[in-house]
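Chains as they are written, first to last, in our numbering: chain A, 150 to 362; chain Y, 150 to 362.
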């Protein structure tokens, strides 16, 4: 992405810090040290300080960072200060789980529309939200004005859905279909694949089960 | 992990190749070129060849790789040649979606046990599988002999569950709870956090919606 000069691993860590800060505001943490952040996120304190210095200095040596200011700064960098409405494509099991997941609206990512191509689902309610026909996506998204889509459809349908999303003005896609989506340069995709996660983990298995050791 | 000398990004790419090869065996692809792999996975052909050369040469210049041999070699590296039984902790919406996901058994990761601590769920069936009491995890896993766990519990319960998993002989954890699990050095954790994925994507949003451009 040309607009981005921030490396992806840095963005991923910033998101980790922000998620923690969002959750910690309830706990009245006025200042937060890099040591505390390391404890909470598992990311080294030195890495945390380095990541922040990338965006200008805003901590105080020996005291730490003002939690609320830090949260606002990182939210501004990640463009999540305001609510970002999300649309969900695929009203299957995973789609339903995501729609019911309270963490999304809590972190300013409410799902504002659910779409499917299955006539047995369209018009029915899922978590009190009516499932819309994907054929109406472009028209409905003129109202919803969502730029973020979550794709939870079978592989065979995923590319067609991606094309429809791009046509409806979606700029970024979180893709759960285990396939490579072809989109224009200006559209950004992140893939989550449970099978791949398990394959990577499998590498770290020892040859034999050592239960309870 | 001391047993590992393979960098994590390489492992992640190997998992991508393997997922594709597993799915492509049905399509009677006898040989596969690096160009074809690039087309299928989005990973550059040169990167693919470099990743494989790391484990010794097994392609033929100008012809490509024997798909079946390649699949077996990568499966051996990732230790997914045999079925790896998986246990699932948390019979909520996401847990239910994962239990119903056909991709897991298809790729040799069948979920063989489901556990929860909720008395309203224990003993009931989810996708035709009885939900077990997490208190019985260690005893039941002596039979199941699973080394892989998927954690889909609320944040507040996640660390206790992690401790129980370690005690029951689990070696690797796929964690969906948005919190850092503290586990012994020998146990390996991968975290999937939907909110963080959306935060990273949000960075790539343009200021205004440009629908249908």
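Positions of the beta carbon are idealized from the N, C-alpha and C atoms, including for glycine.
Assuming residue 238 of chain Y and residue 204 of chain Y are in contact, meaning their beta carbons sit under 8 Å apart, how far apart are those beta carbons, in whole angstroms? Within the second chain, residue 238 of chain Y is the residue found at index 89, counting from 1. Within the second chain, residue 204 of chain Y is the residue found at index 55, counting from 1. Contact doesn't hold; Cβ gap of about 33 Å is too wide.
Which chain A residues sit within Cβ distance under 8 Å of residue 245 of chain Y? Residue mapping note: residue 245 of chain Y aligns to position 96 of the second chain, counting from 1. Those within 8 Å of residue 245 of chain Y in chain A are 242, 246.
Buried or exposed, going by whether 16 or more other CB atoms sit within 10 Å of the CB of residue 132 of chain A? Here chain A covers residues 150 to 362 and nothing more, so residue 132 of chain A does not appear.
Take the Cβ of residue 165 of chain A as the centre, count every other Cβ of all protein chains shown within 10 Å, and call the residue buried at 16 or more, exposed below. Within the first chain, the letter at position 16 stands for residue 165 of chain A. So residue 165 of chain A counts as buried.
For the 8 Å Cβ check, are there 3 or more pairs between the stretch 325-332 of chain Y and the stretch 180-187 of chain A? no
Whole angstroms is fine: what's the gap from residue 160 of chain A's alpha carbon to residue 217 of chain A's? By one-based count along the first chain, residue 160 of chain A stands at place 11. By one-based count along the first chain, residue 217 of chain A stands at place 68. Rounded to the nearest angstrom, the two C-alpha atoms are 19 Å apart.
I need the DSSP call for residue 283 of chain Y, collapsed to helix, strand or coil. Counting from 1 along the second chain, the entry for residue 283 of chain Y is found at position 134. In the structure shown, the three-state DSSP call for residue 283 of chain Y is helix.
With the cut-off set at 8 Å, would you say residue 343 of chain A and residue 337 of chain Y are in Cβ contact? Position 194 of the first chain, counting from 1, holds the residue named residue 343 of chain A. Position 188 of the second chain, counting from 1, holds the residue named residue 337 of chain Y. No, the pair does not count as a contact, with Cβ atoms beyond the cut-off.
Mind listing, in chain order, the continuous beta strand (DSSP E) runs of no fewer than 3 residues lying wholly within the stretch 282-336 of chain A? 297-300, 321-324, all fully within the stretch 282-336 of chain A.
Taking residue 249 of chain Y as the query, report the chain A residues whose CB atoms sit under 8 Å from its CB, ordered along the chain. On the second chain, residue 249 of chain Y is found 100 positions in, with the first residue counted as 1. Ordered by position in chain A, the residues that pass the 8 Å Cβ test against residue 249 of chain Y are 242.
Residue range of the alpha helix (DSSP H) that includes residue 197 of chain Y: For the purposes of this step, residue 197 of chain Y is identified with residue 48 of the second chain, where counting begins at 1. Taken as a continuous stretch (DSSP letters only), the alpha helix (DSSP H) holding residue 197 of chain Y covers 194-202.
Between residue 308 of chain A and residue 331 of chain A, what straight-line distance do the alpha-carbon atoms span, to the nearest angstrom? Counting from 1 along the first chain, the entry for residue 308 of chain A is found at position 159. Counting from 1 along the first chain, the entry for residue 331 of chain A is found at position 182. Near 7 Å, if we compare the C-alpha coordinates of residue 331 of chain A and residue 308 of chain A.
Are there 16 or more other CB atoms within 10 angstroms of the CB of residue 134 of chain A, so buried, or fewer, so exposed? Not covered by the structure: residue 134 of chain A. The range shown for chain A is 150 to 362.
For residue 243 of chain A versus residue 246 of chain Y, is the C-beta spacing smaller than 8 Å? On the first chain, residue 243 of chain A is found 94 positions in, with the first residue counted as 1. On the second chain, residue 246 of chain Y is found 97 positions in, with the first residue counted as 1. Judged by beta-carbon spacing, residue 246 of chain Y lies within the 8 Å limit of residue 243 of chain A, meaning their Cβ atoms are closer than that value.
How would you label residue 195 of chain A, buried or exposed, when you count the other beta carbons within 10 angstroms and need 16 or more for buried? The residue given as residue 195 of chain A occupies position 46 in the first chain. Looking at its Cβ environment, which holds fewer than 16 other Cβ atoms inside 10 Å, residue 195 of chain A is exposed.
Reference residue 253 of chain Y, options Y:316, Y:303, Y:315, Y:171, closest by Cα: Position 104 of the second chain, counting from 1, holds the residue named residue 253 of chain Y. Of the candidates Y:316, Y:303, Y:315, Y:171, the one whose C-alpha sits nearest the C-alpha of residue 253 of chain Y is Y:171.
Does the stretch 275-291 of chain A come close enough to the stretch 271-281 of chain Y to have 3 or more Cβ pairs within less than 8 Å? The stretch 275-291 of chain A and the stretch 271-281 of chain Y do not touch, with fewer than 3 CB-CB distances between them shorter than 8 Å.
Beta-bridge partners of residue 180 of chain Y, as assigned by DSSP: Within the second chain, the letter at position 31 stands for residue 180 of chain Y. According to DSSP, which records beta bridges pairwise, residue 180 of chain Y is partnered with Y:215.
Check whether the Cβ atoms of residue 346 of chain A and residue 339 of chain Y lie closer than 8 Å to each other. Indexing the first chain from 1 puts residue 346 of chain A at position 197. Indexing the second chain from 1 puts residue 339 of chain Y at position 190. Their beta carbons are under 8 Å apart, which means residue 346 of chain A touches residue 339 of chain Y by this criterion.
Buried/exposed call for residue 269 of chain Y, threshold 16 Cβ in 10 Å: Looking up residue 269 of chain Y in the second chain gives position 120. Exposed: under 16 other Cβ atoms inside 10 Å.
Exposure label - residue 312 of chain Y; buried when at least 16 CB within 10 Å: As a position in the second chain, residue 312 of chain Y is number 163, starting the count at 1. With fewer than 16 Cβ atoms within 10 Å of its Cβ, residue 312 of chain Y is classed as exposed.
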